[in-house]
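Notes follow once the structure below has been shown.
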Amino acid sequence: ELNKRLEKLIKQSRCVLFMKGNPDEPRCGFSRQTVQLLNDVGADYTTFDILSDEAVRQGLKEYSQWPTFPQIYLDGELLGGLDIVREELESGDLAAKLPKKVSLNNRLKSLINKAPIMVFMKGEPSQPQCKFSRALMEIFTDMNVKFDHFNILSDNDVREGLKEYSKWPSYPQIYVKGELVGGLDIIKELKESGELAQTLSVD
């Protein structure tokens, strides 16, 4: 039963680091250095805090025949600990094999272009979490606007990154064909001047 659980943890993503603590607060020097190495090469990895689960901590030593932590797994196979990872990164083989994080800007770009009309808002269209997002949804519902959305409360990187990217400090943000139109006030102005339908017509 434990082995099944360990297998699932090892395969939860392509690269998994079993460490003491988490990347923001490593609880031992070796874990801290390993996180640093992986971050330096832009690796995309998940972590498991072995201090939070004694069964996993003991079971994994048996399972992997590796007595210490951190332990790094790539594609379900044990790579080793800090020393091995450092050696392999220095020899240049490992960096090419590790899955890479997509840069935030690339991620924002693909989100903005995900649909002809894209709304970045607090909450979901059926349950907006702020009055500005709610007011926008009312306007869009009245006008029967077809749009896709992203709930910025679900992802702080996107929430903060998009403010920088678009040089627009608040939410909701409305994009048409990858271009920022603005926030609620601008949508209201366009509606009052009769230009909103044209701005949003993406046919």
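Throughout the sequence shown, residue numbering follows the working numbering, covering 11 to 213 in sequence.
We put the beta carbon where it would ideally sit given N, CA and C, even for glycine.
How would you label residue i, buried or exposed, when you count the other beta carbons within 10 angstroms and need 16 or more for buried?
i       : result
Asp-195 : exposed
Thr-56  : exposed
Ala-53  : buried
Ser-164 : exposed
Pro-36  : buried
Met-147 : buried
Gly-214 : Not covered by the structure: residue 214. The range shown for the chain is 11 to 213.
Met-29  : buried
Val-112 : exposed
Which residue marks the beginning of the alpha helix (DSSP H) containing residue i, and which one marks its end?
i       : result
Val-45  : 39-50
Gln-68  : 64-74
Thr-78  : No alpha helix (DSSP H) contains Thr-78, which DSSP labels as neither H nor E.
Val-112 : Val-112 -> no alpha helix (DSSP H), and no H or E assigned at all.
Tyr-175 : 166-176
Leu-163 : Where Leu-163 is concerned, there is no enclosing alpha helix (DSSP H), given that its DSSP letter is neither H nor E.
Considering only the beta carbon of each residue, do residue i and residue j sit closer than 8 Å?
i       : j       : result
Met-131 : Asn-161 : yes
Ala-105 : Val-51  : yes
Val-207 : Phe-157 : Before going on, a small fix: residue 207 reads as Ala here, not Val. Cβ distance not < 8 Å, so Ala-207 and Phe-157 don't count as in contact.
Lys-21  : Gly-90  : no
Phe-40  : Leu-92  : yes
Leu-99  : Leu-47  : yes
Arg-15  : Leu-84  : no
Gly-188 : Asn-123 : yes
Val-168 : Leu-210 : no
So residue i and residue j are in contact, right, with Cβ under 8 Å, and what is the actual spacing, rounded?
i       : j       : result
Pro-80  : Leu-121 : The pair is not a contact, with the Cβ atoms about 32 Å apart (cut-off 8 Å).
Leu-118 : Leu-172 : 6 Å
Asp-59  : Gly-31  : 6 Å
Would you kindly report the start and end of the unbroken beta strand (DSSP E) that includes residue i?
i       : result
Val-129 : 127-131
Asp-59  : 56-59
Under the DSSP definition of a beta bridge, which residues are partnered with residue i?
i       : result
Tyr-83  : Val-26 and Leu-88
Val-186 : Ile-127 and Glu-189
Asn-32  : Glu-35
Asp-158 : Met-128
Glu-134 : Gln-137
Ala-53  : Lys-110
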